[in-house]
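Engineer: Encoded as C-alpha cells, here's the structure I'll be asking about.
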Amino acid sequence: MTPRWQRAALTPSWIRWLPCAFVYLTVVPGESRFRRSAWSTIVPWEGLAWCDPGSVDEWVERARRRRTGRDAEDAELHARQHYAWMVRIRATRIELFAEMCRRRDVPVPHTVGELLLCLAEFGLFELAEQDGDDPWVTPRLDRDPLEVLPLSAAERELEARAQRDDQAVLVAIAIRRLAQRTRRRWRRRVVSTSLTSLAGAAGVTEEQARRSLADLGQIAELGVDAGRGGDWLRLSVPWPDFRLRFPFTELPAPEHAI
12 MTPRWQRAAL
22 TPSWIRWLPC
32 AFVYLTVVPG
42 ESRFRRSAWS
52 TIVPWEGLAW
62 CDPGSVDEWV
72 ERARRRRTGR
82 DAEDAELHAR
92 QHYAWMVRIR
102 ATRIELFAEM
112 CRRRDVPVPH
122 TVGELLLCLA
132 EFGLFELAEQ
142 DGDDPWVTPR
152 LDRDPLEVLP
162 LSAAERELEA
172 RAQRDDQAVL
182 VAIAIRRLAQ
192 RTRRRWRRRV
202 VSTSLTSLAG
212 AAGVTEEQAR
222 RSLADLGQIA
232 ELGVDAGRGG
242 DWLRLSVPWP
252 DFRLRFPFTE
262 LPAPEHAI
C-alpha cells in the first residue's frame with residue numbers, strides 16, 4: 012500500500028541547525044511509527060548531508076544570462092558577493108553542527124543515512140534497534156533545540172534570541188500572505204485579522220505572535236492597531252518593502268535567507 016505522506020511535526024528553528032538533507036526526513040507516512048523501509052523510495056540514503064551550492068562560475072553564468080551590457084557586469088559582481096556570503100554562512104553552520112556532534116560524542120554525518128543515525132542520538136528520532144536493518148522509526152522533530160543541543164549558557168541566550176527572530180519571520184510570512192490578497196494601496200496594505208487566526212497561520216502561540224508583532228513594528232515598520240479589544244487586529248503593512256523582505260514560503264536556512 013502506498014503511504015500517505017505528510018510533514019512531521021517540526022520545531023521550525025531546526026532549519027538553522029541541521030544539515031540541508033534533514034528535510035527528506037521530515038516527510039513521513041501518516042502513521043506516527045513506521046518502518047525505515049517506508050522511506051526507501053524517497054530518501055537518497057547515500058546522498059550528501061549538506062547540499063552542494065555549486066561553483067561560483069555557475070552562479071555568475073546564471074546572473075549574466077538575465078542581463079546585458081553594463082547590467083551584466085553589475086549582475087556578476089552581485090552574484091560573486093552573494094555566493095561568497097552564502098558559502099561563508101554555510102561553512103559556519105557546518106562547523107557549528109559538527110561541534111554539537113563532538114560535544115555529544117556522536118560521529119559527524121556526511122550522508123543522509125548517517126544523518127538519521129546522528130539525529131537519533133540527539134533524540135530527534137527513536138529507532139527500535141532490536142529490529143535490525145529495518146527498525147521502527149518515531150520522529151521527535153517537535154522537540155526544542157534548547158532542550159536537545161549541548162549549549163553553553165551564553166549559547167542558550169543566543170538561541171533563545173534566534174528563536175524569537177524565527178517566530179517574527181513566521182508571523183511576517185503569514186502577514187505577507189494576507190496582505191497579498193488585499194486591495195492595492197499606495198505604499199501600504201491593510202490587513203484585518205485576529206491574533207488567534209494569525210498565530211494559527213504562523214504556527215506560533217498567541218503570546219509569541221503578540222511579541223512578534225511588536226518586533227516587526229520596530230524592524231519592518233509594521234503598523235499594529237488592536238484598539239477594538241479582544242484579539243482583533245488591524246495591520247498596516249508597508250508595501251512592497253514587506254513583500255520583498257519576507258518572500259519565503261517557510262522559514263529558510265540562513266544561507267538561503269540572504
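Plus 11 on top of the position in the sequence shown (first one is 1) and you've got our numbering. Glycine is no exception: its CB is placed at the ideal position from the N, C-alpha and C atoms.
Beta carbon of R254, beta carbon of Q174: below 9 Å?
Structural biologist: No; because the gap between Cβ atoms is not below 9 Å, this pair is not in contact.
Engineer: Determine which residues share a DSSP beta bridge with Q17 and list them.
Structural biologist: Beta-bridge pairing links Q17 to V39.
Engineer: Measuring only the C-alpha atoms, how far is V71 from C31?
Structural biologist: Cα to Cα, V71 sits roughly 23 Å from C31.
Engineer: Can you give me the start and stop residues for the alpha helix (DSSP H) that T204 sits inside?
Structural biologist: It is not in any alpha helix (DSSP H) - T204 instead sits in the beta strand (DSSP E) that spans 199-205.
Engineer: Taking 7 Å as the limit between beta carbons, can you name the residues of its chain near D155, skipping five residues before and five after?
Structural biologist: Only T22 meet the Cβ criterion.
Engineer: Mapping the DSSP letters down to three states, classify P249 as helix, strand or coil.
Structural biologist: Strand, per DSSP.
Engineer: Drop a sphere of 10 angstroms on the beta-carbon of L160, count the other beta-carbons inside from all chains shown, and report buried for 16 or more, exposed for fewer.
Structural biologist: That one is buried.
Engineer: Taking just the CA atoms, how far does P55 sit from H121?
Structural biologist: Cα-Cα distance, rounded: 12 Å.
Engineer: Leaving out five residues before and five after E170 in sequence, what residues of the same chain have Cβ atoms less than 7 Å from its Cβ?
Structural biologist: Counting only Cβ-Cβ distances below 7 Å, and skipping sequence neighbours, we find P156, L157, L162.
Engineer: Which residue wins for smallest C-alpha separation from A19, given the options F136, P265, D252?
Structural biologist: Ranking the options by Cα distance to A19, first place goes to F136.
Engineer: Kindly indicate which residue of A95, C62, T37 has the alpha-carbon position closest to the one of R151.
Structural biologist: Taking only the C-alpha atoms, the option nearest R151 is T37.
Engineer: Please state the DSSP three-state secondary structure of F136.
Structural biologist: Of the three classes helix, strand and coil, the one that applies to F136 here is strand, per DSSP.
Engineer: Classify F45 as helix, strand or coil using the three-state DSSP reduction.
Structural biologist: It is a strand residue.
Engineer: Give every residue of the same chain whose Cβ lies closer than 8 Å to the Cβ of S205, excluding the five residues on either side of it in the sequence, and list them in chain order.
Structural biologist: Contacts found: G241, D242, W243, L244.
Engineer: When the Cβ atoms of the segment 59-70 are set against those of the segment 86-104, are three or more pairs found closer than 8 Å?
Structural biologist: With a cut-off of 8 Å, the segment 86-104 and the segment 59-70 count as touching, because enough Cβ pairs lie within range.
Engineer: In the DSSP assignment, find the beta strand (DSSP E) that holds P150 and state where it starts and stops.
Structural biologist: Start and end: 147-150.
Engineer: Answer with buried or exposed for L88, where buried requires no fewer than 16 other C-beta atoms within 10 angstroms of its C-beta.
Structural biologist: With fewer than 16 other Cβ atoms within 10 Å, it is exposed.
Engineer: From the DSSP output, which residues share a beta bridge with T122?
Structural biologist: L59, per the DSSP bridge assignment.
Engineer: How is the beta strand (DSSP E) around D236 delimited, first residue to last?
Structural biologist: First-last of the beta strand (DSSP E) with D236: 234-236.
Engineer: Could you give the C-beta distance for P14 and A49, rounded to a whole number, given that I count them as a contact under 8 Å?
Structural biologist: Contact flag correct, Cβ pair sits at about 6 Å.
Engineer: Reducing DSSP to helix, strand and coil, say where L244 ends up.
Structural biologist: L244 falls in the strand class under three-state DSSP.
Engineer: Taking the alpha-carbon positions, what's the E57 to L126 distance?
Structural biologist: Between E57 and L126, the C-alpha separation is close to 10 Å.
Engineer: Considering only their Cβ atoms, is the gap separating R75 from A86 smaller than 9 Å?
Structural biologist: In this structure, R75 lies closer than 9 Å to A86 by Cβ.
Engineer: Within its chain, find whatever has a CB closer than 7 Å to the CB of R256; leave out the 5 residues flanking it on each side and keep chain order.
Structural biologist: Excluding positions up to five away in sequence, the list reads A231.
Engineer: Output the distance between the C-alpha atoms of R73 and E261, rounded to the nearest integer angstrom.
Structural biologist: Rounded to the nearest angstrom, the two C-alpha atoms are 25 Å apart.
Engineer: Could you tell me if Q219 is buried or exposed, where buried requires 16 or more neighbouring beta carbons within 10 angstroms of its beta carbon?
Structural biologist: Q219 is buried by the Cβ-count criterion.
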